[in-house]
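Count the sequence shown with my numbering and you get residues 4 to 260, in order.
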Amino acid sequence: MHDVLFVDLQSHDEATPEIRPDWNELRCSRRRCVRSSSSAMQFIALEPYTLVIIHALGSDSEGMELCANIRCVSQVPIIVTGGSTDFYWTRKALQLQVNDYLPAPFTVEELNTCLRTISPATHSGDGHPDNRLSHVHAEKEDQVIQEVKEYLKDSMYQNITLKEIAERMHFNYSYLVQKFKFHEKMTFNEYLLQQRMEKAKFLLTHTGMKINEIADAVGYNDMDWFYKKFKSYAGVSANMYRKLHGSRTVPVASGQH
């Protein structure tokens, strides 16, 4: 059984018929419906809830602001319905660890499916979201990971960390660590090493750059450390890799280890 707070922020300018959750489907032991963010925060402070549903049709900004305020005090699972399909708002929902995002237009059947998806997290009673995203939210999550990878590709020459990327993109660091590993089946550091070494291999065989220039281009200022990581990754030294796979003779840095 679930204790649900339903927050209806639908703009009065919207003429769309109201779609309410099927409370029997959700098997609620208690539910409260409010029509303002301030009322929602008051009740969250006074009473424990296992699920918050925010209907934000025509009120995307207010809906995300409410999610942010809730996350400051609670990790209760949140479902946002009626939001915009614009990726900006879906991305904001991801940043705030909203459990599901169901944009308008949607049907009662879609909402009920959403409720069933979130039920295991609410039924556990631990008050923490399970971070599983469905519907459009899951598809947009792929776009977020792609943004991280594109940023890494463009900034590979720098001393870059996932924590720095999370700060730049305004994501929760721990959440991004988890999602990156889930999508790529490896940690961010493992992925970063792979991308740096693959780019180094390409530059060794397709350009006349010196090895120290290649090391710098893939983010290594310490040549000894680059030599060590490259040999561990490729099985041979950078110089030998170029000799084995290069199509022409090119100048290389002296002092090869």
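We put the CB at the ideal spot given by N, CA and C, even for glycine.
Leaving aside the five residues before and after lysine 204 along the sequence, list all residues of the same chain whose C-beta is less than 7 Å from its C-beta, in chain order.
-> Ala237 and Tyr244
Measure the C-alpha to C-alpha separation of threonine 53 and leucine 8 and round it to an integer number of angstroms.
-> 8 Å
Around the Cβ of phenylalanine 185, are there at least 16 other Cβ atoms within 10 angstroms (buried) or fewer (exposed)?
-> exposed
Just curious, the beta strand (DSSP E) that leucine 12 is in, first and last residue?
-> First-last for leucine 12: undefined, no H or E at that position.
For the alpha helix (DSSP H) that contains tyrosine 230, what are its first and last residues?
-> 226-237
To which residues of the same chain is asparagine 72 closer than 8 Å at the C-beta, ignoring the five residues directly before and after it?
-> Ser40 and Met44
Who are the Cβ neighbours of valine 255 in its own chain at under 7 Å, not counting the five residues just before and after it?
-> Low per-residue confidence applies at valine 255: pLDDT is 46, beneath 50, and the placement is therefore not dependable enough to give any value.
Determine the direct distance from the alpha carbon of arginine 34 to that of glutamine 149, and round the result to whole angstroms.
-> 39 Å
Just tell me which of Met200, Gly211, His209 and His248 has its CA closest to the CA of phenylalanine 229.
-> Met200
Identify, in the order they occur along the chain, each residue of the same chain with its Cβ nearer than 6 Å to the Cβ of tryptophan 92, setting aside the five sequence neighbours on each side.
-> Asp63 and Gly86
Since valine 55 contacts valine 76 with CB under 8 Å, what's their CB separation in whole angstroms?
-> That belief does not hold up - the Cβ atoms of valine 55 and valine 76 are roughly 12 Å apart, past 8 Å.
Quick one: what does DSSP say histidine 248 is sitting in, helix, strand or coil?
-> helix
Is it the case that the CB of asparagine 162 approaches a heavy atom of the ligand NAP more closely than 7 Å?
-> You won't find the ligand NAP in this model; it holds no ligand whatsoever.
Please work out which residues of its chain come closer than 7 Å, Cβ to Cβ, to histidine 173, disregarding the five sequence neighbours upstream and downstream, and give them in chain order.
-> Gln98
Grouping DSSP H, G and I as helix and E and B as strand, with all else coil, what is arginine 35?
-> strand
Status (buried if at least 16 other CB within 10 Å, exposed otherwise) for valine 221 | buried
The beta strand (DSSP E) enclosing histidine 173, as first and last residue numbers = That residue, histidine 173, is in no beta strand (DSSP E); it is neither H nor E in DSSP.
Following the continuous alpha helix (DSSP H) through glycine 66, name the residue where it begins and the one where it ends.
-> 63-76
List the whole-angstrom C-beta distance separating alanine 59 from glutamate 65, where the pair is believed to meet the contact cut-off of C-beta under 8 Å.
-> 7 Å
Which value, in whole angstroms, describes the spacing of the CA atoms of valine 151 and threonine 84?
-> 27 Å
Applying the criterion that 16 or more other CB atoms from any shown protein chain within 10 Å of the CB defines a buried residue, is histidine 131 buried or exposed?
-> Unreliable placement is indicated for histidine 131, whose pLDDT of 42 sits below 50; the coordinate value is still reported in the next sentence. Exposed, by the Cβ-count rule.
Would you please state the rounded distance, in angstroms, between the beta carbons of cysteine 36 and isoleucine 57? I believe it to be under 8 Å.
-> Between isoleucine 57 and cysteine 36 the Cβ distance is about 12 Å, and since that is not below 8 Å, they are no contact.
For asparagine 162, collect the residues of the same chain with a Cβ closer than 7 Å to its Cβ; drop the 5 residues on either side in sequence, then sort them by chain order.
-> Gly222
Buried or exposed: aspartate 11, going by 16 or more other Cβ atoms within 10 Å of its Cβ?
-> buried
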